[in-house]
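Numbering (the UniProt record's numbering), first residue to last: 1 to 460. To keep things clear, I will list the structure first and then write my remarks on it.
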Amino acid sequence: DTLKYGAGATITDVSVSYVGVEGTTGTTNYTNFDGQSDYLIIDDEQVGTGKEDVFEVKVTFAVDPAAVTPQSADCELTEGEEGTGLLNVAEVSDGVPSKNDDACADMPNPSVDIVKTVTAGPTSTGNVNEYTMTYQVEVSNTSDALAFYDLSDTLKYGAGATITDVSVSYVGVEGTTGTANYTNFDGQSDYLIIDDEQVGSGKEDVFQIVVTFAVDPAAVTPQSADCELTEGEEGTGLLNTAEVSDGVPSKNDDACADMPNPSVDIVKTVTAGPTSTGNVNEYTMTYQVEVSNTSDALAFYDLSDTLKYGAGATITDVSVSYVSGDGETGTANYTNFDGQSDYLIIDDEQVGTGKEDVFQIVVTFEVDPAAVTPQSANCELTEDEEGTGLLNTAEVSDGVPSKNDDACADMPNPSVDIVKTVTAGPTSTGNVNEYTMTYQVEVSNTSDALAFYDLSDTLK
């Protein structure tokens, strides 16, 4: 008996036995027979007229799918092939005319397909710039043979993303028989999910990978976020590649989503003022800060505000409030905020994509006209000035790239002109050497601000 197995099959064990009813009388070679270098099963066996002998040959073999070809597996022995499929040729000879017969079965060639998909995310966890991504890996048997495989998974996230947690689980219905590596798997240094898993013909295994990661917007670039892996990049976006190997031909598939890159715009405006309070040279200014989400991701930010008033203005009171928008979720610092030594308005505030937050700052201040100069009042900040006019600068930072905007109004600088005239006299009263004089004092406001003044008069 000759075993003529095709390329990709390695015979590891051969056994032969008599399974007929007549019994044997010949010299058996069962122990030495292997069908590859020692072909003899029995010598000088005899069989009576009308009788038969039956032998069974059992072969154990391993298949290397990477070495199997359609030709080596198909039971069609072509020129140049020493074997094909699971071909086995038996021959009788010596005491009878030589005859042979063969039997063959196609070589099992286990193969699977692998499909990787994003099933959820990126989804905010509610923590600053922290997200989750959920991937699914489906391994389906595309052959007629039971398939064994190893499954590995590699996370290739782009610059700006830091993976903080990874979990994997089996979510299919067939169940697992392989050696799971769920505890150690992290997709970054330990890539193996399961070893020697098996999946039946026409069946599939499904695994789920959940990744928690944080994003640093200052480190994210359009290239690192875009899912297009270019030369020089080790990762991009939220790229994840799964691969099957070992017992089946290697195959891989990947899934990717653009990295969330939260960003906001900030606009600062003067909405009212300077407005007199009715007290001498005391005014109020009202500013509005609008923070709008310009990205596709939930944005977290810190908002600060700095009052840079020019010389001659003294701030006496500052209040801040949330007036409209997506709602407050951050930690407000309204009580402590003064814009002069404590600049933080709110910490870790969040604003949804396409949404905005609007804050209002109301400042009460006094003006000392004697200390005001054209330069300190004019909203043009020069090199040697710490402030000018009623300048106010707001800034967003922390969870988003830093941005600022300012608003300013000229400082009120009340001034008046005074004109004294004689309108009548001296006029005799009719008494001896007694007269009256009439003077007029005209005080006119020469500024754009409400002016308070004291009026005195001295007769010399």
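Here a beta-carbon is modelled for each residue, glycine too, at the ideal position from N, C-alpha and C.
Cβ neighbours of residue i in the same chain (closer than 6 Å, five flanking residues each side left out)
{"i": "residue 208", "result": "136, 169, 171"}
{"i": "residue 203", "result": "141, 174"}
{"i": "residue 288", "result": "269, 271, 360"}
{"i": "residue 449", "result": "412, 414"}
{"i": "residue 58", "result": "15"}
{"i": "residue 330", "result": "346, 347, 348, 349"}
{"i": "residue 94", "result": "none"}
Residue from the options whose Cα sits closest to the Cα of residue i
{"i": "residue 193", "options": "21, 155, 224", "result": "155"}
{"i": "residue 286", "options": "354, 349, 226, 358", "result": "358"}
{"i": "residue 364", "options": "276, 163, 216, 148", "result": "276"}
{"i": "residue 73", "options": "6, 256, 460, 267", "result": "6"}
{"i": "residue 442", "options": "12, 453, 378", "result": "453"}
{"i": "residue 371", "options": "419, 227, 281", "result": "281"}
{"i": "residue 92", "options": "145, 40, 331, 22", "result": "40"}
{"i": "residue 65", "options": "146, 458, 331, 351", "result": "146"}
{"i": "residue 244", "options": "264, 191, 62", "result": "191"}
{"i": "residue 51", "options": "63, 112, 186, 20", "result": "20"}
{"i": "residue 158", "options": "232, 125, 166", "result": "232"}
{"i": "residue 398", "options": "112, 383, 263", "result": "263"}
{"i": "residue 28", "options": "418, 133, 338, 55", "result": "55"}
{"i": "residue 88", "options": "125, 36, 79, 132", "result": "36"}
{"i": "residue 418", "options": "434, 457, 124", "result": "457"}
{"i": "residue 295", "options": "333, 306, 351, 305", "result": "351"}
Span separating the alpha-carbon of residue i from that of residue j
{"i": "residue 219", "j": "residue 213", "result": "14 Å"}
{"i": "residue 138", "j": "residue 8", "result": "27 Å"}
{"i": "residue 297", "j": "residue 355", "result": "11 Å"}
{"i": "residue 2", "j": "residue 252", "result": "39 Å"}
{"i": "residue 83", "j": "residue 195", "result": "32 Å"}
{"i": "residue 181", "j": "residue 259", "result": "27 Å"}
{"i": "residue 115", "j": "residue 300", "result": "34 Å"}
{"i": "residue 33", "j": "residue 239", "result": "54 Å"}
{"i": "residue 97", "j": "residue 47", "result": "15 Å"}
{"i": "residue 400", "j": "residue 221", "result": "13 Å"}
{"i": "residue 151", "j": "residue 188", "result": "14 Å"}
{"i": "residue 163", "j": "residue 348", "result": "21 Å"}
{"i": "residue 101", "j": "residue 148", "result": "33 Å"}
{"i": "residue 290", "j": "residue 408", "result": "16 Å"}
{"i": "residue 143", "j": "residue 31", "result": "35 Å"}
{"i": "residue 234", "j": "residue 130", "result": "22 Å"}
{"i": "residue 90", "j": "residue 249", "result": "33 Å"}
{"i": "residue 327", "j": "residue 257", "result": "28 Å"}
{"i": "residue 393", "j": "residue 279", "result": "27 Å"}
{"i": "residue 308", "j": "residue 274", "result": "15 Å"}
{"i": "residue 460", "j": "residue 369", "result": "29 Å"}
{"i": "residue 340", "j": "residue 451", "result": "27 Å"}
{"i": "residue 124", "j": "residue 132", "result": "7 Å"}
{"i": "residue 322", "j": "residue 338", "result": "15 Å"}
{"i": "residue 77", "j": "residue 201", "result": "27 Å"}
Beta-carbon proximity list for residue i, same chain, < 8 Å, skipping 5 on both sides
{"i": "residue 230", "result": "223, 236"}
{"i": "residue 24", "result": "18, 42, 45, 53"}
{"i": "residue 60", "result": "11, 12, 13, 14"}
{"i": "residue 22", "result": "47, 48, 51, 52, 53"}
Cβ-based burial, residue i [other Cβ within 10 Å; buried from 16]
{"i": "residue 432", "result": "exposed"}
{"i": "residue 127", "result": "exposed"}
{"i": "residue 241", "result": "buried"}
{"i": "residue 67", "result": "exposed"}
{"i": "residue 283", "result": "buried"}
{"i": "residue 324", "result": "exposed"}
{"i": "residue 165", "result": "exposed"}
{"i": "residue 38", "result": "exposed"}
Proximity below 8 Å, CB of residue i to CB of residue j
{"i": "residue 424", "j": "residue 438", "result": "yes"}
{"i": "residue 315", "j": "residue 403", "result": "no"}
{"i": "residue 381", "j": "residue 388", "result": "yes"}
{"i": "residue 183", "j": "residue 197", "result": "no"}
{"i": "residue 385", "j": "residue 312", "result": "no"}
{"i": "residue 345", "j": "residue 362", "result": "no"}
{"i": "residue 396", "j": "residue 455", "result": "no"}
{"i": "residue 427", "j": "residue 440", "result": "no"}
{"i": "residue 444", "j": "residue 416", "result": "yes"}
{"i": "residue 70", "j": "residue 247", "result": "no"}
{"i": "residue 211", "j": "residue 205", "result": "no"}
{"i": "residue 406", "j": "residue 391", "result": "yes"}
{"i": "residue 353", "j": "residue 261", "result": "no"}
{"i": "residue 216", "j": "residue 160", "result": "yes"}
7 Å Cβ shell around residue i - same chain, five flanking residues per side excluded
{"i": "residue 85", "result": "6, 73, 74, 75, 104, 105, 106, 107"}
{"i": "residue 336", "result": "342"}
{"i": "residue 317", "result": "364"}
{"i": "residue 255", "result": "116, 117, 118, 135, 240"}
{"i": "residue 378", "result": "388, 389, 410"}
{"i": "residue 49", "result": "none"}
Residue i beta carbon near the ligand GDP (any heavy atom closer than 7 Å)
{"i": "residue 185", "result": "What this structure holds is no ligand at all, so the ligand GDP is not there to describe."}
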